[in-house]
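Chemist:
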Amino acid sequence: MAIVLRYSNVRRPDNTLRHAPFIPIYTYDASGKRLVFDALVDSGADTTVVPKDLALVLGLNEGNELETRGIGGPVRVRSSKLALTVKGQHEAYSVNVPVLILQDQSNIPLILGRNGFFEEFHITFRQDQEKIVLKKVLT
Amino acid sequence: MKEVDYSKYAGEWIVVCNNRIVAHAKDLTKIQGKIRKCKTTPRITKVLEGEVLIF
Numbered sequence: 000m001a002i003v004l005r006y007s008n009v010r011r012p013d014n015t016l017r018h019a020p021f022i023p024i025y026t027y028d029a030s031g032k033r034l035v036f037d038a039l040v041d042s043g044a045d046t047t048v049v050p051k052d053l054a055l056v057l058g059l060n061e062g063n064e065l066e067t068r069g070i071g072g073p074v075r076v077r078s079s080k081l082a083l084t085v086k087g088q089h090e091a092y093s094v095n096v097p098v099l100i101l102q103d104q105s106n107i108p109l110i111l112g113r114n115g116f117f118e119e120f121h122i123t124f125r126q127d128q129e130k131i132v133l134k135k136v137l138t
Numbered sequence: 000m001k002e003v004d005y006s007k008y009a010g011e012w013i014v015v016c017n018n019r020i021v022a023h024a025k026d027l028t029k030i031q032g033k034i035r036k037c038k039t040t041p042r043i044t045k046v047l048e049g050e051v052l053i054f
């Protein structure tokens with residue numbers, strides 16, 4: 000079985016619509032309330048990246064501050080873990096992924112990178128169909 | 000599938016509860032109360048502002 004999810008619509012400033020591989024992930028906030036977030040699946044990102052305000056809402060524990068480099072240059076981050084669930088119509092899988100929490104103001108969504116997530120699923124981007132397919136890796 | 004235009008919220012987080020936007024803000028912590036008040040599972044999205052190139 001596999002989870003097949005449609006790309007989300009993203010409207011650009013020029014008013015055109017683009018479709019991008021955002022998927023719903025289920026997690027809990029600091030009070031234990033269940034939430035769904037739209038996360039961008041990014042095969043070019045080593046690690047999942049969480050904006051600071053989102054990390055605060057989720058109550059993530061933050062490790063020591065590190066400096067890492069993105070396309071835009073160096074950024075300050077702290078490491079943590081995020082427990083998330085991906086759901087299809089007939090199946091759901093929970094994984095605990097390492098994340099980097101951005102320490103500076105940012106304008107990015109939750110980005111699902113490879114470490115801890117791509118090991119768990121065989122992921123296919125069906126760009127022509129604007130769908131993403133997640134098939135759980137059997138261990 | 001119906002396409003929803005969130006462009007007026009560009010650069011903000013939006014919280015959708017029971018298919019209705021109940022809160023929006025640039026800083027998600029500012030609308031934490033609205034998230035908790037939602038009686039179902041709220042869906043939270045960051046509305047992008049232009050092209051996003053990441054990491």
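The listed protein sequences correspond, in order, to chains A and B. Its first residue numbered 0, the first sequence is counted upward by one per residue in numbering that gives the first Met the number 0. Its first residue numbered 0, the second sequence is counted upward by one per residue in numbering that gives the first Met the number 0. We put the beta carbon where it would ideally sit given N, CA and C, even for glycine. On a predicted model such as this, the values are computed, not experimentally measured, just so you know.
(1) Does the segment 102 to 121 of chain A come into contact with the segment 67 to 78 of chain A, if we say contact requires no fewer than three beta-carbon pairs (one atom in each stretch) closer than 8 Å?
(2) Return the residue from the list A:Leu16, A:Val132, A:Val56 that minimises the CA-CA distance to glycine 31 of chain A.
(3) Can you look up glycine 72 of chain A in the DSSP assignment and give me helix, strand or coil?
(4) How many angstroms separate the CA atom of lysine 29 of chain B from the CA atom of glycine 58 of chain A?
(5) Tell me which residue opens and which closes the beta strand (DSSP E) that glutamine 19 of chain A is part of.
(6) Once the 5 residues before and after proline 179 of chain A are set aside, which same chain residues still bring their CB inside 7 Å of it?
(7) Counting only Cβ-Cβ distances shorter than 8 Å, please list the residues of the segment 98 to 109 of chain A near chain B, keeping chain order.
Modeler: If we stick to the structure as given:
(1) yes
(2) Nearest C-alpha to glycine 31 of chain A: A:Val56.
(3) The three-state reading of DSSP puts glycine 72 of chain A in strand, counting E and B together.
(4) 14 Å
(5) Checking the sequence, you will find alanine at residue 19 of chain A rather than glutamine. Start and end: 16 to 19.
(6) Beyond the ends of chain A as shown, which are 0 and 138, falls residue 179 of chain A; an answer cannot be given.
(7) Near chain B, meaning a CB-to-CB distance below 8 Å, the residues of the segment 98 to 109 of chain A are Asn106, Ile107, Pro108, Leu109.
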